[in-house]
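Here the structure is laid out as structure tokens; the discussion comes afterwards.
Residue numbers (our numbering): 1 to 403.
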């Protein structure tokens, strides 16, 4: 097969190992360094992506994506929230803080007054119910659904009773401040394996309004379920342009997700430095090749090869090592990601995630892999530029003076 003479000679130099074992040694470890760095980066990013996805699924499955306040101006035009792109369902929602009390103790919680039919169809919590279901929340029966962590902390089981005390609408009476309170019965237990499992209590929206001594019409906000919680900005912008005030999940969980994102970026940067160090090992190898092949370069120049062709010889040489290391790294990375949980079990490493003790969450995103491939190849190409420029500066007369 025909290909340019620069590529032919460059590949011959890259594959040759008999001339200098030391150069071959450096080339080998530059390829190994690129491959290992890329493998580690793909593996770490896939695990971090999986962890971020699980965090979004579990924490934002409980936290409302967007809460829309009622319109302050009665003359303002109402809009159909479900017609906004990314909005799946809109439902009435009441939220307040308070306490839940059992015979075993007292715990501060967030009350969520929900519509059971909407939660049954649209909330991921319905898929993670251990006992009971949202249809058990019937108006006037004063049932609650709590998290598994809260049930263990307060020793509550389905059918047992607990007292809820609301912090809102309290009043000062003869015996001090009096809080609105009522006895509720546990109607279900869920497990999302999130930090909110012991902080949220869900009840029927009309029962929540009675607990708060108000009406659903005056207390309720509109809860929006999004197809992707990270698409909240576009929805908030539409709401704002129509005169609605709203809050979203970033007001509560934003710091946590920012910390995860920063950690992922820092890990990526550190592992990219490993690839950069391995890529720039190519510089030392190519500089020695240029020094060793000065006579060959001079002969090629005297035979009519242009200096740009000579430059491309060493650019092809460096690119060959970069491409080889990158391909090996990608293959090893994808293979490691696909088998990482099996490897953990095989090595008996005690790494578990979630309440059920499943393995690490994995999310291999191919756009990230393509970006890493491009970054690795660019670094290897840049590492080849300086030795190639040195090769161009070789003077034939001076190089062949003592030949």
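For each residue, glycine too, the CB sits at the ideal point set by N, CA and C.
Predicted, not measured: the structure shown is a model, and the values here were computed from it.
Whether residue i touches residue j by CB criterion (7 Å)
i: residue 49; j: residue 365; result: yes
i: residue 188; j: residue 131; result: yes
i: residue 457; j: residue 139; result: In the structure as shown, the chain starts at 1 and stops at 403, and residue 457 therefore has no counterpart that could be examined.
i: residue 196; j: residue 96; result: no
i: residue 147; j: residue 80; result: no
i: residue 118; j: residue 222; result: no
i: residue 109; j: residue 201; result: yes
i: residue 283; j: residue 383; result: yes
i: residue 10; j: residue 313; result: yes
i: residue 239; j: residue 94; result: no
i: residue 51; j: residue 367; result: no
i: residue 329; j: residue 35; result: yes
i: residue 279; j: residue 156; result: no
i: residue 299; j: residue 391; result: no
i: residue 46; j: residue 255; result: no
i: residue 30; j: residue 321; result: yes
i: residue 7; j: residue 316; result: yes
i: residue 154; j: residue 102; result: yes
DSSP bridge partner residues for residue i (one or two, in chain order)
i: residue 141; result: Partner(s): none; residue 141 has no beta bridge.
i: residue 87; result: 226
i: residue 111; result: 96, 201
i: residue 166; result: 98, 180
i: residue 268; result: DSSP lists no partner for residue 268.
i: residue 231; result: Answer is none; residue 231 lacks a bridge partner.
i: residue 246; result: 68
i: residue 129; result: 190
i: residue 106; result: 101
i: residue 147; result: 190
i: residue 153; result: Paired residue(s): none; residue 153 is not in a bridge.
i: residue 467; result: This structure does not reach residue 467, given that the chain is present from 1 up to 403, and the question cannot be answered.
i: residue 185; result: 143, 161
i: residue 261; result: Answer is none; residue 261 lacks a bridge partner.
i: residue 221; result: 93
Close-in-space but distant-in-sequence residues of the same chain around residue i (CB under 7 Å, 5 per side omitted)
i: residue 12; result: none
i: residue 116; result: 134, 135, 137, 204
i: residue 128; result: 190, 191, 192
i: residue 332; result: 35, 39
i: residue 98; result: 109, 111, 164, 165, 166, 167
i: residue 372; result: 38, 41, 42
i: residue 159; result: 185, 186
i: residue 104; result: 154, 155
Residue nearest to residue i in terms of C-alpha spacing, selected from the options
i: residue 275; options: 374, 236, 46, 99; result: 374
i: residue 163; options: 182, 155, 269; result: 182
i: residue 247; options: 31, 291, 70; result: 70
i: residue 26; options: 167, 305, 325; result: 325
i: residue 215; options: 231, 185, 169, 233; result: 169
i: residue 161; options: 262, 184, 306, 142; result: 184
i: residue 28; options: 107, 323, 126, 142; result: 323
i: residue 244; options: 143, 66, 158, 393; result: 66
i: residue 84; options: 231, 194, 381, 54; result: 231
i: residue 394; options: 311, 262, 334; result: 311
i: residue 53; options: 260, 107, 178; result: 260
i: residue 55; options: 6, 257, 100, 120; result: 257
i: residue 24; options: 292, 359, 334; result: 292
i: residue 334; options: 363, 359, 142, 262; result: 363
i: residue 107; options: 159, 349, 152; result: 152
i: residue 208; options: 57, 178, 92, 121; result: 92
i: residue 376; options: 143, 327, 159; result: 327
i: residue 180; options: 123, 385, 100; result: 100
i: residue 122; options: 82, 144, 104, 105; result: 82
Cβ-based neighbour list, residue i, same chain, cut-off 6 Å, excluding 5 preceding and 5 following
i: residue 287; result: 387
i: residue 250; result: none
i: residue 150; result: 198
i: residue 264; result: 48
i: residue 290; result: 387, 390, 391
Beta-carbon contacts of residue i that lie in its chain and below 8 Å, excluding the five residues immediately before and after
i: residue 253; result: 59, 60, 63
i: residue 210; result: 182
i: residue 369; result: 42, 330, 333, 334
i: residue 120; result: 126, 133, 134, 135
i: residue 355; result: Unreliable placement is indicated for residue 355, whose pLDDT of 49 sits below 50; the coordinate value is still reported in the next sentence. Within the same chain, residue 355 has close Cβ partners 148, 191, 193.
Residue i Cβ short of 6 Å to the ligand NAP heavy atom set
i: residue 84; result: Annotation note on the ligand NAP: not contained in the displayed structure, which lists no ligands.
With contact counted as at least three CB pairs below 8 Å, one residue from each stretch, are the segment 222-230 and the segment 81-96 in contact? Touching, yes.
* Counting pairs of beta carbons, one from the segment 260-271 and one from the segment 38-54, are three or more of them closer than 8 Å? -> Flag = yes, the segment 260-271 and the segment 38-54 touch.
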